[in-house]
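When you line the sequence shown up against the working numbering, it's residues 4 to 255, in that order.
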Amino acid sequence: MNASKSSSSKSSSKYTPQKSSSTSTYVLGGLALLVIAAVVIGGVLWQNSRSEPRADGYGSVQNAAVTTSVDDDGVVRLGLPEATRTVDIYEDAMCPYCAELENTYGQELAQKIDDGTIAVRYHMLDFLNQLSASGDYSTRAAAASQCVAAEGDGPAYSAFHSALFSADFQPEENGSADHTNDELAARATEAGASAEAAQCITDGTRVADAATDAATGSAALAAAGARGTPTVIVDGAIVDTTTNSAWVSDLG
Numbered sequence: 004m005n006a007s008k009s010s011s012s013k014s015s016s017k018y019t020p021q022k023s024s025s026t027s028t029y030v031l032g033g034l035a036l037l038v039i040a041a042v043v044i045g046g047v048l049w050q051n052s053r054s055e056p057r058a059d060g061y062g063s064v065q066n067a068a069v070t071t072s073v074d075d076d077g078v079v080r081l082g083l084p085e086a087t088r089t090v091d092i093y094e095d096a097m098c099p100y101c102a103e104l105e106n107t108y109g110q111e112l113a114q115k116i117d118d119g120t121i122a123v124r125y126h127m128l129d130f131l132n133q134l135s136a137s138g139d140y141s142t143r144a145a146a147a148s149q150c151v152a153a154e155g156d157g158p159a160y161s162a163f164h165s166a167l168f169s170a171d172f173q174p175e176e177n178g179s180a181d182h183t184n185d186e187l188a189a190r191a192t193e194a195g196a197s198a199e200a201a202q203c204i205t206d207g208t209r210v211a212d213a214a215t216d217a218a219t220g221s222a223a224l225a226a227a228g229a230r231g232t233p234t235v236i237v238d239g240a241i242v243d244t245t246t247n248s249a250w251v252s253d254l255g
């Protein structure tokens, strides 16, 4: 689901970073000190008009057999246990083009997850912290994502993930406010997350780990040859989601 952004960020099909641009992004390496890129991959070729949602009306994951898990690097896997084909998505909760990706393809991905065609691995990064009002929203949202995923409830996680990028919840870059942990916990509860997951979010239990995991994810993204979010990788190859609108249906 897409959040409303300034008209300047959508006025051209080519993204040209500006010194003070609110859409400039920087992926940090493993030490979180070296800037390795300043290009928003997802914003390069998005056209003036937003893409219509595919599989509109389906919603988030519905199959109660779909589960979630969090690996040692904080990557969330969403899918049926027997699903063998994996889609890796690198994103930042502050990234407007990640919201575009979710708005356009989130429901179609949910269908593929429900029927066992794929599992999705979400890599939540935090290099847009500096554009959040609190200075650490991306990290806290990534931590909240892990809290919900750790409970194993696929439909609840899917609904919460969708909410993070929804127009009525995703904070504005360089905006005057973002969300507290309590607000993140409340949204997770609305999505169906457990009381334990909500408490994990409120207490900030996973924030330190999420920061470390985001640095690991940024290094993995750079190693894959990508420079920004959103980035989608299937079978080891970066998918051009800006020009191939059939990439989800092509998964099988």
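Even for Gly, the Cβ is constructed at its ideal location relative to N, Cα and C.
Using only alpha-carbon positions, find the residue among the options that is nearest to residue i.
{"i": "A147", "options": "H164, L224 and A227", "result": "H164"}
{"i": "T215", "options": "G239, A191 and Q149", "result": "Q149"}
{"i": "L128", "options": "G255, I92 and D171", "result": "I92"}
{"i": "A211", "options": "L81, A145 and Q65", "result": "A145"}
{"i": "L104", "options": "I204, G239 and L167", "result": "L167"}
If you draw a straight line from the alpha carbon of residue i to that of residue j, how long is it in whole angstroms?
{"i": "W2", "j": "A223", "result": "As displayed, the chain neither begins before 4 nor continues past 255, which places residue 2 out of reach and without an answer."}
{"i": "I116", "j": "V69", "result": "8 Å"}
{"i": "Q202", "j": "D253", "result": "39 Å"}
{"i": "E111", "j": "E176", "result": "27 Å"}
{"i": "Y108", "j": "P56", "result": "6 Å"}
{"i": "V78", "j": "S141", "result": "15 Å"}
{"i": "D75", "j": "A58", "result": "33 Å"}
{"i": "E257", "j": "G157", "result": "Residue 257 lies beyond the range of the chain shown here (4 to 255); nothing can be said about it."}
{"i": "S137", "j": "C98", "result": "15 Å"}
{"i": "G155", "j": "N106", "result": "24 Å"}
{"i": "T120", "j": "E94", "result": "22 Å"}
{"i": "R143", "j": "T87", "result": "30 Å"}
{"i": "D181", "j": "G60", "result": "28 Å"}
{"i": "S248", "j": "S54", "result": "9 Å"}
{"i": "G255", "j": "A67", "result": "21 Å"}
{"i": "T208", "j": "D238", "result": "33 Å"}
{"i": "A102", "j": "F172", "result": "11 Å"}
{"i": "Y125", "j": "V235", "result": "10 Å"}
{"i": "S179", "j": "V242", "result": "34 Å"}
{"i": "A194", "j": "V64", "result": "11 Å"}
Who are residue i's beta bridge partners in DSSP?
{"i": "Y125", "result": "V79 and I92"}
{"i": "I204", "result": "Paired residues: none, contrary to the question."}
{"i": "A240", "result": "V237"}
Let's see if you can read the secondary structure: which residues bound the beta strand (DSSP E) around residue i?
{"i": "V235", "result": "T234 to V237"}
{"i": "V269", "result": "Lying before the first or after the last residue shown, residue 269 is absent from the chain, which here runs from 4 to 255."}
{"i": "S72", "result": "T70 to V73"}
So the alpha helix (DSSP H) residue i belongs to, where does it begin and stop?
{"i": "V210", "result": "V210 to A226"}
{"i": "R57", "result": "Neither: R57 is in no alpha helix (DSSP H) and is coded neither H nor E."}
{"i": "E103", "result": "P99 to D117"}
{"i": "D185", "result": "N184 to E193"}
{"i": "F163", "result": "G157 to L167"}
What whole-angstrom Cβ distance do residue i and residue j have, given they're in contact under 8 Å?
{"i": "A152", "j": "S221", "result": "Rounded, the Cβ-Cβ distance is 19 Å, inconsistent with contact."}
{"i": "L279", "j": "Y160", "result": "Only positions 4 to 255 of the chain appear in this structure, which leaves residue 279 out of reach."}
{"i": "I204", "j": "A217", "result": "Rounded, the Cβ-Cβ distance is 16 Å, inconsistent with contact."}
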